[in-house]
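J.:
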Amino acid sequence: MAKDIILELTPENAANSQLLLKAVASKLGMSVKDVGHYTITRRSIDSRHGKVRVNLGIRVFDRDEPIADGKPQFTYGDVSKSPPVAVIGAGPAGLFAALRLIEHGYKPIVVERGKEVSARKRDVALLNREHKLNPDSNYAFGEGGAGTFSDGKLYTRSRKRGDYNRVLYILCNHGASEDILFDSHPHIGTNRLPGIIVKIRETIISYGGEILYNSRVESIKTDGSRVTGVKLSDGRLVEAKACILATGHSARDVYSMLLNQQIQIEAKPFAMGVRVEHPQAIIDSIQYHGTPRGDYLPAASYSLVQQVEGRGVYSFCMCPGGFIVPAATEPNEVVVNGMSPSLRNSRWANSGIVVEVRLDDLKSYSKYGELAGVEYQHYLEELASLHGGFGVKAPAQRLVDFVDGNYSASLPSCSYHPGITSSELHAWLPDDIGFRLRKGFRAFGARMKGFLTNEAVVLGVESRTSSPVRIPRNPETLQHVGVEGLFPAGEGAGYAGGIVSSAFDGERCADAVAFYLGG
Ligand SMILES: Cc1cc2nc3c(=O)[nH]c(=O)nc-3n(C[C@H](O)[C@H](O)[C@H](O)COP(=O)(O)OP(=O)(O)OC[C@H]3O[C@@H](n4cnc5c(N)ncnc54)[C@H](O)[C@@H]3O)c2cc1C
Numbered sequence: 161m162a163k164d165i166i167l168e169l170t171p172e173n174a175a176n177s178q179l180l181l182k183a184v185a186s187k188l189g190m191s192v193k194d195v196g197h198y199t200i201t202r203r204s205i206d207s208r209h210g211k212v213r214v215n216l217g218i219r220v221f222d223r224d225e226p227i228a229d230g231k232p233q234f235t236y237g238d239v240s241k242s243p244p245v246a247v248i249g250a251g252p253a254g255l256f257a258a259l260r261l262i263e264h265g266y267k268p269i270v271v272e273r274g275k276e277v278s279a280r281k282r283d284v285a286l287l288n289r290e291h292k293l294n295p296d297s298n299y300a301f302g303e304g305g306a307g308t309f310s311d312g313k314l315y316t317r318s319r320k321r322g323d324y325n326r327v328l329y330i331l332c333n334h335g336a337s338e339d340i341l342f343d344s345h346p347h348i349g350t351n352r353l354p355g356i357i358v359k360i361r362e363t364i365i366s367y368g369g370e371i372l373y374n375s376r377v378e379s380i381k382t383d384g385s386r387v388t389g390v391k392l393s394d395g396r397l398v399e400a401k402a403c404i405l406a407t408g409h410s411a412r413d414v415y416s417m418l419l420n421q422q423i424q425i426e427a428k429p430f431a432m433g434v435r436v437e438h439p440q441a442i443i444d445s446i447q448y449h450g451t452p453r454g455d456y457l458p459a460a461s462y463s464l465v466q467q468v469e470g471r472g473v474y475s476f477c478m479c480p481g482g483f484i485v486p487a488a489t490e491p492n493e494v495v496v497n498g499m500s501p502s503l504r505n506s507r508w509a510n511s512g513i514v515v516e517v518r519l520d521d522l523k524s525y526s527k528y529g530e531l532a533g534v535e536y537q538h539y540l541e542e543l544a545s546l547h548g549g550f551g552v553k554a555p556a557q558r559l560v561d562f563v564d565g566n567y568s569a570s571l572p573s574c575s576y577h578p579g580i581t582s583s584e585l586h587a588w589l590p591d592d593i594g595f596r597l598r599k600g601f602r603a604f605g606a607r608m609k610g611f612l613t614n615e616a617v618v619l620g621v622e623s624r625t626s627s628p629v630r631i632p633r634n635p636e637t638l639q640h641v642g643v644e645g646l647f648p649a650g651e652g653a654g655y656a657g658g659i660v661s662s663a664f665d666g667e668r669c670a671d672a673v674a675f676y677l678g679g
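Under the working numbering, the first residue of the sequence shown is numbered 161, with each subsequent residue one higher.
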């Protein structure tokens, strides 16, 4: 019978299969030749108490025992002649919804405003090189959605382990490394994500689904109360009795479209701040207690949170060994975010450091109603562009200068490709954000000795961490509270945050669609 054991090893021993086998045998009190086969079920790094160890969860099977890996089964059949379901948006929520609809025997018609992923890659390169932003093809829009050029972190706070595992296995079936199944902080990397997106597309199309690129949805068609289809900006109509709306939180025009159609949306709290970048060597040295990282340890990361005057200040989307990228969707906005390659091997470590923004904080924006948060984000993004020198150059300040309120006469080298301009972020960020950030950074510096350094730089603004709008849905049926057959999904609907939770929200909506159409 399978036995579960836990090993605590040095990074070198954990990476060496012979030494690992010896450790398994020794833990079980048997000789190496008597160990059957084993699989790693969990891998995490523990660098507390002044030393660095790799903790491994291992399931050891008897020699003749089949390996029960708990892998979920996915059954796709031909849906080319099945009833269509419109899926708006080819981000994680839309793509995973499409796969799940196929499992349920429905034909997904995925409508995506941006380009397919390889053409999108060229637009992103142009943005970095020549600062030319294509409003429909950029870091947020296009096949794969906002997470395609990212770190591909796959963490979620959701406790629904079954849903989480399904998403991870689907990613593995489409080319992700199986390490994501057991790493405590799995990630894929920006170099690998596009290939996975292409394979997901191939699965959708090979079973009879459709994907329409360069196709922006302009309105939801109804017969008064029920969805009948969606209309595209070029006049085409996609007929369907159900529609999954998975357009992400950067698609501000979609919120306006819903308001214009008197489809209810509501403002919700979100978070905003800056992105901080350190030399990776500093973060490694802090987290690994000055021991060089060597060949066996990953680029170190951190996760920080502090309450400041009634609001949470916290690190968000930390990218070890990564790059800061321009993630705006309109010209003359600066929005920063982070990505990293699978090896996390750049010389920088960046992270969003953001402050909660509550509805109470938006009183001066109340004239914008449900769009108060959207307008506040937009205001700060334009302000950042202004202070960066118009366009996509980002305003930046050395970290200690930001905290102490001093101008930075020079700036350190930085991974942000379009370039940075020295700017007094401490002076122009609204007080309820800037002041809290500065206090938060002081607290982080006290917790991580060496974090608060002028070798680090802050860039503004990290404004798109979470959706400032919710598209309300019935918690049982997942349909919009006012329109039958409309299923708001993913991050833009306010029901998810991040790749994995958006993906499984897409799956849940597909389940709800199947129930609605089949019932
Ligand atoms: C640079 C960057 C790095 C990130 N890193 C990570 C990370 O490491 N880990 C993580 O968990 N999360 C990360 N995120 C966040 C993550 O990408 C999002 O949470 C996730 O992609 C949301 O999924 P979604 O499907 O709900 O929406 P999106 O991914 O935003 O997808 C929405 C899609 O809808 C399309 N669309 C919008 N409007 C229309 C319209 N009118 N008609 C047709 N199509 C439309 C868009 O083009 C887009 O493709 C990152 C985001 C960015 C920008």
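Idealized CB from N, CA, C, for every residue including glycine.
(1) Taking a contact to mean a Cβ-Cβ separation below 8 Å, would you say residue 553 touches residue 579 in this structure?
(2) Alpha carbon to alpha carbon, how far is residue 289 from residue 638?
(3) Could you say which of 515, 346, 234, 570 lies nearest to residue 622 if we only look at CA atoms?
(4) When you compare only the Cα positions, how much space is there between residue 631 and residue 648?
(5) Do the stretch 368-378 and the stretch 261-277 touch if we need at least three Cβ pairs shorter than 8 Å?
(6) Could you check what DSSP says for residue 664 in three-state terms: helix, strand or coil?
(7) Checking the sheet assignment: what are the DSSP bridge partners for residue 466?
(8) At the level of alpha carbons, what is the spacing between residue 243 and residue 667?
(9) Assuming residue 406 contacts residue 389 (C-beta within less than 8 Å), just tell me the rounded distance between them.
(10) Under the DSSP definition of a beta bridge, which residues are partnered with residue 588?
(11) If we ignore side chains and look at the alpha-carbon of each, how far apart do residue 548 and residue 452 end up?
(12) Residue 349 by DSSP, collapsed to three states: which one?
(13) Is residue 415 helix, strand or coil by DSSP?
(14) For the 8 Å Cβ check, are there 3 or more pairs between the stretch 440-455 and the stretch 402-417?
(15) Please name the residue, chosen from 627, 479, 208, that lies closest to residue 507 on a Cα-to-Cα basis.
(16) Taking 8 Å as the threshold (C-beta atoms), are residue 336 and residue 303 in contact?
(17) With burial defined as no fewer than 16 other Cβ atoms inside 10 Å of the residue's Cβ, what is the status of residue 356: buried or exposed?
(18) By DSSP, does residue 216 sit in helix, in strand, or in coil?
(19) What first and last residue would you give for the alpha helix (DSSP H) that runs through residue 267?
(20) In three-state DSSP terms, what is residue 283?
(21) How do the stretch 212-220 and the stretch 166-179 stand: do at least 3 beta-carbon pairs fall below 8 Å, yes or no?
(22) Leaving out five residues on either side along the sequence, give the residues of the same chain with a beta carbon under 8 Å from the beta carbon of residue 677.
(23) When you compare the CB positions of residue 664 and residue 327, do they come within less than 8 Å of one another, or not?
(24) Please tell me whether residue 499 and residue 309 are closer than 8 Å, where the distance is taken between their beta carbons.
(25) For residue 363, is the beta carbon positioned less than 7 Å from some heavy atom of ligand 1?
(26) Taking C-alpha atoms, which residue in 651, 619, 466, 171 lies nearest to residue 510?
(27) I need the DSSP call for residue 367, collapsed to helix, strand or coil.
T.: In short:
(1) Yes, they are a contact pair.
(2) So the two alpha carbons sit approximately 42 Å from each other.
(3) For the residues 515, 346, 234, 570, the minimum Cα distance to residue 622 belongs to 515.
(4) Per the coordinates, the alpha-carbon of residue 631 lies some 6 Å from the alpha-carbon of residue 648.
(5) Contact between the stretch 368-378 and the stretch 261-277 is established, with three or more Cβ pairs separated by less than 8 Å.
(6) In the three-state scheme derived from DSSP, where H, G and I count as helix and E and B as strand, residue 664 is classed as helix.
(7) According to DSSP, residue 466 bridges with 473.
(8) Here the alpha carbon of residue 243 sits roughly 18 Å from the alpha carbon of residue 667.
(9) Contact between residue 406 and residue 389 fails: their C-beta atoms lie close to 16 Å from each other, not under 8 Å.
(10) Paired residue(s): none; residue 588 is not in a bridge.
(11) Rounded to whole angstroms, residue 548 to residue 452 spans 36 Å at the Cα level.
(12) Residue 349 carries a coil assignment under DSSP once its states are collapsed to helix, strand and coil.
(13) DSSP places residue 415 in the helix class (H, G or I) of the three-state scheme.
(14) Short answer: they don't touch.
(15) Closest in alpha carbon position to residue 507, among 627, 479, 208, is 479.
(16) No, the pair does not count as a contact, with Cβ atoms beyond the cut-off.
(17) With 16 or more other CB atoms across the displayed protein chains lying within 10 angstroms of its CB, residue 356 is buried.
(18) In the structure shown, residue 216 adopts extended strand secondary structure according to DSSP, grouped into three states.
(19) DSSP places residue 267 outside any alpha helix (DSSP H); the residue lies instead in the beta strand (DSSP E), whose first and last residues are 267-271.
(20) Helix, per DSSP.
(21) The answer is yes - the stretch 166-179 touches the stretch 212-220, with three or more Cβ pairs under 8 Å.
(22) Its chain contains 243, 245, 266, 401, 402 as the residues whose beta carbon lies nearer than 8 Å to that of residue 677, once the 5 sequence neighbours on both sides are disregarded; these appear in chain order.
(23) Closer than 8 Å, so yes.
(24) Yes, the pair counts as a contact, with Cβ atoms nearer than the cut-off.
(25) No.
(26) The shortest C-alpha separation from residue 510 is found at 619.
(27) Here residue 367 sits in coil by DSSP.
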